[in-house]
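Asker: What follows is a structure written as structure tokens; I'll ask about it next.
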Amino acid sequence: MHRLFVALRPPPAIRALLLDLMGGVPGARWQSDEQLHVTLRFIGAVERPVAEDIATALASLHAALLEVSLSGVGQFDTRGRAHTLWAGLTPHGALADLHRKVDQALVRCGVPPERRAYRPHITLARMKPGAALTDDFLRTHAALSSAPFALDHLILFESHLGRDAASYEAVERYPLRG
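Take 1 as the starting number for the sequence shown in full-length UniProt numbering and just add one per residue.
As structure tokens, then:
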């Protein structure tokens with residue numbers, strides 16, 4: 001089985017900016033440089049023939065190069081408990097359109113459609129149970145922004161779950177056209 005997802009990687013300068021702001025929240029498991037990405041679609045575990053169909057379907061997608069900017073920070077929570085800290089991206093429209101194209105290509109390969117609303121972001125940290133409150137981090141970095149930057153490759157990743165963190169392997173890269 002192959003545990004797959006489709007994502008975009010921000011350029012090194014943006015990843016460095018994000019790495020510099022990480023810290024100050026006890027109990028947070030901060031992402032490494034290799035883990036920073038914009039998920040377009042989580043696929044999950046699939047058998048090799050389906051993985052090959054997915055790779056072929058993504059190769060046939062026609063999508064334009066995206067230009068986005070960092071825009072604030074936030075958190076995802078469940079029942080009032082934060083489980084993820086993230087950096088936001090704008091504009092949402094182009095990312096949502098690409099997410100929709102990827103989702104449609106995956107559905108044609110037999111992958112169930114995405115049911116959750118798409119919220120473009122870059123995960124900064126996963127919160128351990130009992131982690132400290134994130135209010136100070138959110139307040140300190142609320143105005144996070146960047147100059148526009150290009151996201152120029154769609155990447156099919158395989159995720160390998162480890163004891164402490166997941167590692168990601170780029171399986172295929174698909175250039176986005178300007």
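Just so it is clear, CB atoms sit at the ideal spot from N, CA and C, and this is done for glycine as well.
Could you tell me which of L65, V50, H141 sits nearest to G88, measuring between CA atoms?
Answerer: Per the Cα distances, H141.
Asker: Starting from G93, trace the alpha helix (DSSP H) in both directions and tell me its first and last residue.
Answerer: Counting along the chain, the alpha helix (DSSP H) containing G93 begins and ends at 92-108.
Asker: By the DSSP assignment, the alpha helix (DSSP H) with P113 in it spans what residues?
Answerer: Here P113 belongs to no alpha helix (DSSP H), and DSSP marks it neither H nor E.
Asker: Out of R177, Y174, A170, L176, point me to the one whose CA is closest to E34's CA.
Answerer: Answer by Cα proximity: A170.
Asker: Contact check, T134 vs L70 under 8 Å by CB: the rounded distance?
Answerer: Contact doesn't hold; Cβ gap of about 18 Å is too wide.
Asker: What did DSSP end up calling R9 once you bin it into helix, strand or coil?
Answerer: Coil, per DSSP.
Asker: Under the rule that 16 or more other beta-carbon atoms within 10 Å means buried, what is V107, buried or exposed?
Answerer: Label assigned to V107: exposed.
Asker: Spell out a yes or no on whether the segment 161-168 and the segment 45-59 are touching, meaning 3 or more CB-CB pairs, one atom from each, closer than 8 Å.
Answerer: In short, these stretches do not touch, since the Cβ pair count stays below three.
Asker: If you draw a straight line from the C-alpha of G24 to the C-alpha of W30, how long is it?
Answerer: So the two alpha carbons sit approximately 10 Å from each other.
Asker: Would you check if the segment 2-11 and the segment 141-160 touch, i.e. whether three or more CB-CB distances between them fall below 8 Å?
Answerer: With the cut-off at 8 Å, the segment 141-160 and the segment 2-11 touch.
Asker: By how many angstroms is the C-alpha of T123 removed from the C-alpha of P148?
Answerer: Cα-Cα distance, rounded: 19 Å.
Asker: Whose C-alpha, out of P10, L17, Y118, is nearest the C-alpha of L66?
Answerer: Here the closest residue by C-alpha is P10.
Asker: Can you look up V171 in the DSSP assignment and give me helix, strand or coil?
Answerer: V171 falls in the strand class under three-state DSSP.
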